[in-house]
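First up is the structure itself, then whatever we jot down about it.
There are 2 protein chains.
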Amino acid sequence: MRKGTLVVVSGFSGAGKGTVLAQVLTKRPDLYLSVSFTTRAPREKEQDGVNYHFITREEFQARINRGEFLEYAEYVGNYYGTSMQVIREKLEQGIDVILEIEIQGAAKVREKLPEAVSLFLVPPSFEELSRRLHDRGTDTEATIQKRLETARREVKEIVNYDYIVVNDTIDRAVEEVLAILTAEGCRKERRLHLIEGV
Amino acid sequence: MRKGTLVVVSGFSGAGKGTVLAQVLTKRPDLYLSVSFTTRAPREKEQDGVNYHFITREEFQARINRGEFLEYAEYVGNYYGTSMQVIREKLEQGIDVILEIEIQGAAKVREKLPEAVSLFLVPPSFEELSRRLHDRGTDTEATIQKRLETARREVKEIVNYDYIVVNDTIDRAVEEVLAILTAEGCRKERRLHLIEGV
Chain A
1 MRKGTLVVVS
11 GFSGAGKGTV
21 LAQVLTKRPD
31 LYLSVSFTTR
41 APREKEQDGV
51 NYHFITREEF
61 QARINRGEFL
71 EYAEYVGNYY
81 GTSMQVIREK
91 LEQGIDVILE
101 IEIQGAAKVR
111 EKLPEAVSLF
121 LVPPSFEELS
131 RRLHDRGTDT
141 EATIQKRLET
151 ARREVKEIVN
161 YDYIVVNDTI
171 DRAVEEVLAI
181 LTAEGCRKER
191 RLHLIEGV
Chain B
199 MRKGTLVVVS
209 GFSGAGKGTV
219 LAQVLTKRPD
229 LYLSVSFTTR
239 APREKEQDGV
249 NYHFITREEF
259 QARINRGEFL
269 EYAEYVGNYY
279 GTSMQVIREK
289 LEQGIDVILE
299 IEIQGAAKVR
309 EKLPEAVSLF
319 LVPPSFEELS
329 RRLHDRGTDT
339 EATIQKRLET
349 ARREVKEIVN
359 YDYIVVNDTI
369 DRAVEEVLAI
379 LTAEGCRKER
389 RLHLIEGV
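Those sequence lines, one after another, are chains A and B.
The end of the first sequence is residue 198 by my numbering, with every number in the run present.
The end of the second sequence is residue 396 by my numbering, with every number in the run present.
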């Protein structure tokens with residue numbers, strides 16, 4: 001039985017992860033997008049159970065104590081975490097899983113599941129990143145500056161990822177993510193069972 | 199400057215390499231398909247300089263002596279070889295190169311150019327392979343049996359390749375080869391220069 005591939009997706013805040021992944025899922029409805037738990041407040045239009053499972057700090061802490069998270073991290077004052085059990089189940093069923101996660105979380109996932117594939121989405125330039133954060137209109141100027149500083153610090157972590165996708169046009173970024181998914185499914189390690197019959 | 203990717207493609211005789219690669223080149227005319235040198239006789243419709251550079255054993259031997267080959271090998275009584283210089287030039291120019299080559303040659307290329315990516319094209323089953331070799335109508339029954347025996351021996355070498363593409367339908371095999379090319383172009387090693395500006 002073919003196991004699914006876990007694809008970890010990170011990127012600077014404002015690099016367009018949400019938009020790119022939404023289109024990837026439209027083209028590959030068989031994928032499972034892992035829904036994280038968070039203690040941060042929902043943004044306008046975000047739905048509980050769809051964008052995140054929004055829970056209180058107390059509930060998050062209880063889940064940490066029960067060992068339920070594949071990884072969890074605190075980021076800009078809020079907790080974010082990923083349920084281990086759901087991801088394992090999907091992979092065992094042969095379903096490819098996409099996990100959108102920040103850099104610290106991705107490092108922990110790589111540690112626990114070395115077979116995970118990771119990709120980092122970058123904007124074409126820092127100027128463009130700044131423009132997108134301002135256009136989004138969801139953050140204060142102070143928060144935007146904090147996000148940009150964080151991004152500058154995070155650049156050196158990109159070397160730990162398997163793939164870099166440049167989000168210059170959405171279509172091209174979507175095509176590259178889809179190609180990475182298809183190619184990873186063709187990797188020898190995932191296909192040797194097919195040639196046993198040959 | 200981005201360097202090109204060298205993709206080494208092998209597969210059992212009759213697995214459909216020619217058909218799949220022809221369609222890949224239609225969709226990606228920017229690719230360079232390496233043309234090998236061989237001492238075997240051209241098949242009907244094969245053109246010198248397109249399918250192979252057809253040369254005599256004496257000329258082949260002279261090129262071996264001059265160290266011109268990235269790899270060469272003898273297979274079913276004929277020499278096959280790949281020019282090192284042409285491939286290096288294309289890669290330096292940022293052009294992706296596809297090299298269709300048998301298993302022994304692929305092993306030598308991996309040795310000399312470890313950054314090469316390799317994929318093995320398999321038919322969906324041995325029965326299908328036998329059917330395709332008979333349908334092709336270019337070989338005697340004895341040659342077909344020899345090819346099938348060779349394929350059975352070669353199965354254990356597939357583990358040395360990075361990717362396995364199953365040619366059950368041409369369209370799917372073409373899509374997978376194209377995805378592998380796109381994904382390999384997104385690999386961190388080939389894209390770190392892009393984020394220096396970020």
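Each residue gets a CB set at the ideal place from its N, CA and C atoms; glycine is no exception.
- Within the same chain, Cβ atoms closer than 6 Å to the Cβ of A:Glu71 are found at Thr82, Gly105, Lys108, Val109, the five residues on either side in sequence being excluded.
- Burial check for B:Asn365: the Cβ neighbour count within 10 Å reaches 16 or more, so the residue is buried.
- Under the three-pair Cβ rule at 8 Å, the region 115-133 of chain A does not count as touching the region 60-67 of chain A.
- Taking 8 Å as the upper bound for CB-CB distance, A:Ala173 and A:Leu121 are in contact here, some 7 Å apart.
- Beta-carbon to beta-carbon, B:Ile368 and B:Val248 are separated by about 20 Å, too far to satisfy the 8 Å threshold.
- Counting along the chain, the unbroken beta strand (DSSP E) around B:Ser281 starts and ends at 276-281.
- Annotation for A:Leu21: the continuous alpha helix (DSSP H) segment containing it runs 17-27.
- Contact fails between the region 199-217 of chain B and the region 183-191 of chain A, because fewer than three Cβ pairs, one in each stretch, are under 8 Å apart.
- Counting only the Cα atoms, B:Leu379 lies some 12 Å from B:Asp228.
- The region 329-338 of chain B and the region 148-167 of chain A do not touch, with fewer than three beta-carbon pairs separated by less than 8 Å.
- By DSSP's assignment, A:Glu74 forms a beta bridge with A:Tyr79.
- Identification of chain B residues near A:Arg2 by a Cβ-Cβ cut-off of 9 Å yields none; the smallest Cβ-Cβ distance measures about 12 Å.
- Going by C-alpha positions, A:Glu111 is about 12 Å away from A:Val117.
- Contact with chain B is absent for A:Leu121, since none of that chain's Cβ atoms lies less than 8 Å from the residue's Cβ.
- At a cut-off of 8 Å, the C-beta of B:Ala381 has a neighbouring C-beta in chain A.
- Under the Cβ criterion (8 Å, minimum of three pairs), the region 339-347 of chain B does not count as touching the region 283-299 of chain B.
- Closest in alpha carbon position to B:Glu352, among B:Glu374, B:Ser211, B:Lys225, is B:Ser211.
- Closer than 8 Å to the CB of A:Leu99 there is not a single CB belonging to chain B.
- Taking C-alpha positions only, B:Glu300 is separated from B:Thr236 by approximately 12 Å.
- No Cβ-Cβ contact shorter than 8 Å links B:Ala213 with A:Ala183.
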